[in-house]
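Undergrad: This is the structure I want to talk about, given as structure tokens.
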Amino acid sequence: MKPVYLLLLVLIAIGFFACERDLLEPSQPVAQSEDKVLGTNELAEFSARLADINLFDESTHTDPSHYGAGEVRLFIDEAGDLALDFLTENLMISSADVADPADLLPTRAWHSTIELLFEPNEENRLRHWLIQNFKGSQSLALRIALRENGTIFFAGLAERAA
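The numbering used here puts the first residue of the sequence shown at 11, with every later residue one more than the last.
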């Protein structure tokens, strides 16, 4: 076989396997503790972290690429710490790229949803919603969509401990 044909076969094989990868799978799997569940403290810590990065401050979202949708998974790692795993490869799909980024994400049967405003006191509503709906979950898949209409959409799907 000529080297050029062999190279072509290798490139085709690489392309085939690259297309087989699900872009919504975690890019680097993190070991999850089987016996730990998300409690009040962990869910409150997550909502506080979102407030710390100014998620609820619309003045920090000055670029159209700041708006979009993405999915994360919250869980307790083997060390007992709150861990976050991005389920969308590029953190989020920007609304600058597509009209409704959520259309590119998989359809899921969400357990609960909430829509918040870009206001600092909304962190309290998020914390309450997380605790009320997902306390005791082994992990939590969470879709976060920052919308240019001034709202932040959250949808959650819990994996309960057996």
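Ideal Cβ placement from N, Cα and C applies to all residues, glycine included.
Can you tell me where the alpha helix (DSSP H) with Ala54 in it begins and where it stops?
TA: Thr50 to Asp62
Undergrad: With DSSP run on the structure shown, which of helix, strand or coil describes Thr117?
TA: coil
Undergrad: Going by C-alpha distance, which of Ser104, Ile103 and Glu81 is nearest Leu150?
TA: Glu81
Undergrad: So if DSSP puts Arg170 in a beta bridge, which residue, or which two residues, is it bridged to?
TA: Answer by DSSP bridge pairing, in chain order: Ser147.
Undergrad: Check the DSSP bridge columns for Ile86 and list the partner residues they point to.
TA: Answer is Leu92, bridged to Ile86.
Undergrad: Indicate whether Ser104 and Pro111 have their beta-carbon atoms separated by less than 8 Å.
TA: The Cβ atoms of Ser104 and Pro111 sit closer than 8 Å to each other.
Undergrad: Whose C-alpha, out of Glu169, Gln148 and Leu140, is nearest the C-alpha of Ala58?
TA: Leu140
Undergrad: Assign Leu140 to one of three DSSP states: helix, strand, or coil.
TA: helix
Undergrad: Tell me the residue span of the beta strand (DSSP E) that contains Ser122.
TA: From DSSP, the beta strand (DSSP E) with Ser122 extends over Ser122 to Leu127.
Undergrad: Using 10 angstroms around the beta-carbon of Ala89, count the other beta-carbons present and answer buried if the total reaches 16, otherwise exposed.
TA: With fewer than 16 other Cβ atoms within 10 Å, it is exposed.
Undergrad: Measure the alpha-carbon distance for Gly166 versus Leu94 and round it to whole angstroms.
TA: Between Gly166 and Leu94, the alpha-carbon positions lie close to 14 Å from each other.
Undergrad: Can you say whether Ala119 is buried or exposed, counting buried as having 16 or more other CB atoms within 10 angstroms of its CB?
TA: Counting the other CB atoms within 10 Å of its CB gives Ala119 a total below 16, which places it among the exposed residues.
Undergrad: Alpha carbon to alpha carbon, what distance is there between Asp73 and Leu152?
TA: 23 Å
Undergrad: Express the C-alpha separation of Leu97 and Leu115 in angstroms, rounding to a whole number.
TA: 10 Å
Undergrad: Write down the C-beta distance between Arg157 and Phe164 rounded to the nearest angstrom, noting that I regard them as a contact closer than 8 Å.
TA: That pair is no contact at about 11 Å.
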